[in-house]
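Quick notes on the structure that follows.
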Amino acid sequence: MNKEKLMIIDGSSLVHRAFYALPLLTTKGGVFTNGVYGFLTMLYRIREQEKPDYICVAFDRKGPTIRHKEYSEYKGTRDKTPSELSQQFPILKEILEHLGIKTVDMDDYEADDIAGTVARLGEEKDMEVLLVTGDKDYLQLATDMSQILITKKGISEMETYDKSRIVEEYGIEPKQFIDVKGLMGDKSDNIPGVPGVGEKTALKLVKEFGDIEGVYDNIDSISGKKLKEKLVENKQVAFLSRKLGEIVLNVPLDFQLTDLLVGEEHTAKLKEMYEELEFKSLLGKLHMENMEIEDEVVEYGITEMRDPEEIRKLADESKKSGKISFKILTEEEYFREKPVCIGIKPMGMKSRLVYLDRLGTEDTEILKNIFEDENIEKSGLDSKSDLLKTIQIGWDLKRLVFDASIAEYIINPSQSNLSVNKLSEEYFSETGPDVEGEIGKGKNRKMFRELESSFIENYMAFILEKIEKLEPLMIDIISEREMDQLFREIEMPLVEVLAYMEYYGVKVDKKELDVLGKEFDTEIKELTDKIFSLAGKTFNLNSPKQIGEVLFEDLELPVIKKTKTGYSTNAEVLEELKGEHEIIEKILRYRQLVKLQSTYIEGLKGMIDENTGRIHTRFNQTVTSTGRISSTEPNLQNIPIRTEEGRLIRKAFIAQTPDYVFLDGDYSQIELRLLAHISSDPKMMDAFINNEDIHTKTAAEVFGYPKDEVTSELRYKAKAINFSIIYGISDFSLSKDIGISRKEARKYIDSYFENYKEVKVYMDDAIAKGKENGYVETLLNRRRYVPELASRNYNIRSFGERVAMNMPIQGSAADIIKMAMVKVFRSLRDNKLRSRLILTIHDELIIEAHRDEVRTVKKMMKETMENAVKLQVPLKVDILEGESWYETK
947 MNKEKLMIID GSSLVHRAFY ALPLLTTKGG VFTNGVYGFL TMLYRIREQE KPDYICVAFD
1007 RKGPTIRHKE YSEYKGTRDK TPSELSQQFP ILKEILEHLG IKTVDMDDYE ADDIAGTVAR
1067 LGEEKDMEVL LVTGDKDYLQ LATDMSQILI TKKGISEMET YDKSRIVEEY GIEPKQFIDV
1127 KGLMGDKSDN IPGVPGVGEK TALKLVKEFG DIEGVYDNID SISGKKLKEK LVENKQVAFL
1187 SRKLGEIVLN VPLDFQLTDL LVGEEHTAKL KEMYEELEFK SLLGKLHMEN MEIEDEVVEY
1247 GITEMRDPEE IRKLADESKK SGKISFKILT EEEYFREKPV CIGIKPMGMK SRLVYLDRLG
1307 TEDTEILKNI FEDENIEKSG LDSKSDLLKT IQIGWDLKRL VFDASIAEYI INPSQSNLSV
1367 NKLSEEYFSE TGPDVEGEIG KGKNRKMFRE LESSFIENYM AFILEKIEKL EPLMIDIISE
1427 REMDQLFREI EMPLVEVLAY MEYYGVKVDK KELDVLGKEF DTEIKELTDK IFSLAGKTFN
1487 LNSPKQIGEV LFEDLELPVI KKTKTGYSTN AEVLEELKGE HEIIEKILRY RQLVKLQSTY
1547 IEGLKGMIDE NTGRIHTRFN QTVTSTGRIS STEPNLQNIP IRTEEGRLIR KAFIAQTPDY
1607 VFLDGDYSQI ELRLLAHISS DPKMMDAFIN NEDIHTKTAA EVFGYPKDEV TSELRYKAKA
1667 INFSIIYGIS DFSLSKDIGI SRKEARKYID SYFENYKEVK VYMDDAIAKG KENGYVETLL
1727 NRRRYVPELA SRNYNIRSFG ERVAMNMPIQ GSAADIIKMA MVKVFRSLRD NKLRSRLILT
1787 IHDELIIEAH RDEVRTVKKM MKETMENAVK LQVPLKVDIL EGESWYETK
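Okay, so the sequence shown: first residue is 947 according to my numbering, each after it adds one.
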């Protein structure tokens, strides 16, 4: 009969390991997740491998422990846990609860004391015990029944120690590690030990004399005068250090082993959390069969129109009601694909469905007139995609006044799912036809035209009914929150702006990409030959495993990090190896060029529409919690700008004909200007009013230099500090960004607030108002609710404080840019200019301008952007002209 298996995880150790092993990962909403993600990746892997019956995850608790009573300086040299990490513990604990796994932390005791005590209880019940940790202190707990699984560098590889391996490898019994630690101490825990005694000496002494008592009983037989003196002088320290390093095995637990049985997984809640945390790769780990499935299908009424008389009747009803809800169903993956069908519902009347390919010319014209009639208001859902289709078929849709997706986005910007089913569930506790399940995914994905007509009719009727019912509810909320201007004058008009920008696209010179690609190919080949020459052999340069063997076995370079498949050769490792061998920089350069070649040269060529010769990116209006616009397919905001090769890719983005040029209007330091305006800090305002360089001024103020003595390096550091204040970056992150100690970073931040006192006042006020109201706002009343500010948990509350300080600045910048886009677009259209707005990248707008209109458009663009809103400091816009995007940067 197999023994029951108990797994005890040192949660604090593993989360710390994951946090430092993985890059800082954040969700779109700014929640840090790398520690949680790394921990869960390890947990799923080891659960699958070991299949434990019982699991306990032990955590440290804040505050002094029994060891602090013995030695007040215990762990006294440790840096404070970065807030980027500490805020992740409550998230992980909630996930573990939904996984049916018990978490434990206790006053006075550490995670290893809880783990040691639980392990002994498991042994008493004749269980097979596994202790999972990143801390070698756990080796003292190994017995014939308990194994220690220790993470190696990072968390991707585990090493198993049992009693026999420890005896063989170290020559001592597991319990004797307590004596080894007493002699050598532990810098990480600030356990002093005997000065001058390291691990090698401590192991030798314990092997020879058995324990610390044996060492002092035989002190005269110890060779080495200095060693003997150190031992005699620090006898009390050695015994104290041993006591500090010994894991307690009799913690007074308030639970039984049966409480550690792995419980039922709450799959629906886990799915929700993983989606919110953007853990797409973990969704596949969930037991979806545990989720409740709603079988009932509700039928919604709709009439398909075939007869011309019915279409004329629809037109009359639409004019009479003065308002319609509509939805256009199309195959979205094809830019030029014609709509499959159109659903229309005059307010308060029945829904109609029209298949365009079944209409005659006259009937189509009647339908077109409904959409172009300025006296008929239109309401929709995800209307940008619908509006794009009307533009493509030559219709000029007018009076789009409501979009349920946009409305929900400004009501609840943290909501990522804006589908009709999600909105219906939220507002009416009702869901409709499962379109995603019907269409499928991947290779099995169906086209809408392949679906049963009855399903399409039911789906469209459901959408039209919900749009009509959602509108009054949502408009009431928007009005109550004083967001009418934001919704009606910015977000809704922007739908049309973005649809036209997607329709226009931007021309890409494939030949230029080909030329650049050939240059990259030539250098890639030269680099490949050089790397092979330096290595003394050929190998697969795209294989991290083979690169690792060459670097660390053939060339014997120092091993920085290992993975479960061999040696790590990621960018961080190679950067650390720079200077060790000429081959390192060649490999880094090779990887850089290969990525540019595959992602941006070949990737962009594949995105060029064969009919237009242009790339038609998708602009996302409802994704970011700050209100910023993002782009996908492709992400034009992500084209590299820091390297010359990355910038050269912009040469391929050109004006449509020689008669056109690009005009790039870029807001200068808009977020810092908003900070000056919102805080009313006199020093910061003076800098912008007097057109001073804000980073040089900050450097002079913070570092105590005259302005004319500020170096480029000091300016760089000041720039990092300026933006760290805006984004609420901690001393930990700032220290990493500019390569200084946390202590120095803290000093810089404190000095910043000492000089810009009103900025500190603003930030304190923002937090206070956020706590009082439950939300923070932009200048145009865009809200973000911050429930984290009311949390009793310090780390969650700290995250909320950063949001409260930052969102009014970032969100106001987004509002201003959107407002400028709407005004620029309307000005171009109303003046019947041939120039058109085609791109927005972060804080800049790009117009494809006709040469005859350049002067007019430049003047209009600058005036419109700089006067989008009135601030206490001037908004400044730099406008550059060029034949290509490259020339405007």
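Note that beta-carbon positions come from the ideal geometry of N, C-alpha and C, so glycine has one too.
None of these values were measured; they are calculated from a predicted model.
Range covered by the beta strand (DSSP E) that runs through residue i
i	result
Phe1348	1346-1349
Arg1730	1729-1731
Thr1572	Thr1572 -> no beta strand (DSSP E), and no H or E assigned at all.
Lys1324	1323-1326
Pro1504	It is not in any beta strand (DSSP E) - Pro1504 carries neither H nor E in the DSSP assignment.
Gly1289	1287-1292
Among the options, nearest to residue i - alpha-carbon criterion
i	options	result
Tyr1000	Lys1706, Lys1597, Val1075, Thr973	Val1075
Leu1826	Val961, Asp1612, Leu1735	Asp1612
Glu1556	Thr1570, Thr1545, Lys1453, Leu1609	Lys1453
Glu1382	Glu1371, Pro1254, Asn1367, Met1751	Asn1367
Leu1223	Ala1664, Ser1271, Gly984, Gln1602	Gly984
Val1656	Lys1665, Leu1621, Ala1646	Ala1646
Leu1850	Cys1002, Ala1261, Gly1209, Lys1717	The structure shown does not extend to residue 1850, since the chain is modelled only from 947 through 1835, so no value can be given for it.
Ile1763	Leu1783, Asn1358, Gly1720, Ala1261	Leu1783
Asp1163	Lys1181, Lys1150, Ser1425	Lys1181
Leu1821	Ser1544, Asn1363, Lys1133, Arg1619	Arg1619
Lys1551	Gly1463, Tyr1536, Ala1622, Leu1497	Gly1463
Gly1512	Gly1046, Phe1498, Ser1697	Phe1498
Cβ neighbours of residue i in the same chain (closer than 7 angstroms, five flanking residues each side left out)
i	result
Tyr1702	Asp1627, Lys1629, Met1630
Gly1144	Met1130
Glu1442	Leu1333, Leu1346
Ile1112	Leu1085, Ala1088, Pro1120
Ile1742	Gln1033, Pro1036, Glu1734
Leu1203	Tyr1000, Leu1067, Gly1068, Lys1071
Integer-rounded CB distance, given that residue j should sit under 8 angstroms from residue i
i	j	result
Gly1289	Leu1410	5 angstroms
His1014	Glu1211	38 angstroms between Cβ atoms; not a contact.
Gln1093	Lys1330	Not confirmed; about 57 angstroms, so no contact.
Met1052	Ile1060	6 angstroms
Ser1264	Ile1322	5 angstroms
Tyr1020	Leu1186	The pair is not a contact, with the Cβ atoms about 10 angstroms apart (cut-off 8 angstroms).
Phe1565	Glu1448	6 angstroms
Met1807	Ile1792	At roughly 10 angstroms, the Cβ-Cβ gap does not stay under 8 angstroms, so Met1807 and Ile1792 are not in contact.
Asp1349	Glu1318	Their Cβ separation, rounded to whole angstroms, is 18 angstroms, which puts Asp1349 and Glu1318 out of contact at 8 angstroms.
Ile1493	Thr1509	Actually they do not touch by this definition, with Cβ atoms about 12 angstroms apart.
Val1140	Tyr1055	Not a contact, Cβ separation roughly 27 angstroms.
Gly1573	Gly1757	5 angstroms
Ile1667	Thr1644	7 angstroms
Arg1188	Ile1168	Incorrect: roughly 18 angstroms between the Cβ atoms, too far for contact.
Beta carbon proximity, residue i to chain C, threshold 9 angstroms
i	result
Lys1682	Note that chain C does not occur in the displayed structure, where there is just one protein chain.
Residue interval of the alpha helix (DSSP H) (run including residue i)
i	result
Asn1719	1703-1719
Asn948	Segment: none, Asn948 is in no alpha helix (DSSP H) and carries neither H nor E.
Glu1827	Run containing Glu1827: none in the alpha helix (DSSP H); it sits in the beta strand (DSSP E), 1823-1828.
Asn1315	1307-1318
Glu1469	1456-1481
Tyr1450	1438-1450
Pro1754	1740-1776
Phe1678	1677-1684
Cutoff 8 angstroms; reference residue i; Cβ partners in own chain excluding five residues on either side
i	result
Leu1173	Gly1142, Val1143, Thr1147
Val1178	Ile1165
Glu1842	Only positions 947 to 1835 of the chain appear in this structure, which leaves residue 1842 out of reach.
Thr1079	Ile955, Asp956, Ser959, Leu960, Asp1058, Ala1061, Ile1094, Leu1095, Ile1096, Thr1097
Ile1477	Leu1487, Ile1529, Lys1532, Ile1533, Tyr1536
Thr1578	Thr1563, Arg1564, Asn1566
Contacts around residue i, its chain only, beta-carbon distance under 6 angstroms, and the 5 residues preceding and following it disregarded
i	result
Arg1692	Asp1677
Glu950	Asp999, Met1073
Check: residue i C-beta below 8 angstroms from any heavy atom of the ligand NAP
i	result
Thr1578	Ligands displayed in this structure: none; no statement on the ligand NAP is therefore possible.
Problem set entry | Every unbroken alpha helix (DSSP H) inside the stretch 1170-1216 [4 residues or more] | 1171-1179, 1181-1191
For this session: Within the stretch 1015-1057, note down every full alpha helix (DSSP H) run reaching 4 residues or more, in order along the chain.
Result: 1029-1032, 1034-1044
For this session: Ignoring anything shorter than 4 residues or poking outside the stretch 1069-1151, list the alpha helix (DSSP H) runs there in chain order.
Result: 1109-1116, 1123-1130
Exercise. If you scan the stretch 956-1024 from start to end, which runs of the beta strand (DSSP E) of 3 or more residues do you find wholly inside it?
Worked result: 1000-1004
For this session: Scan the stretch 1336-1385 and note each continuous beta strand (DSSP E) run of 3 residues or more that stays entirely inside, going in chain order.
Result: 1346-1349
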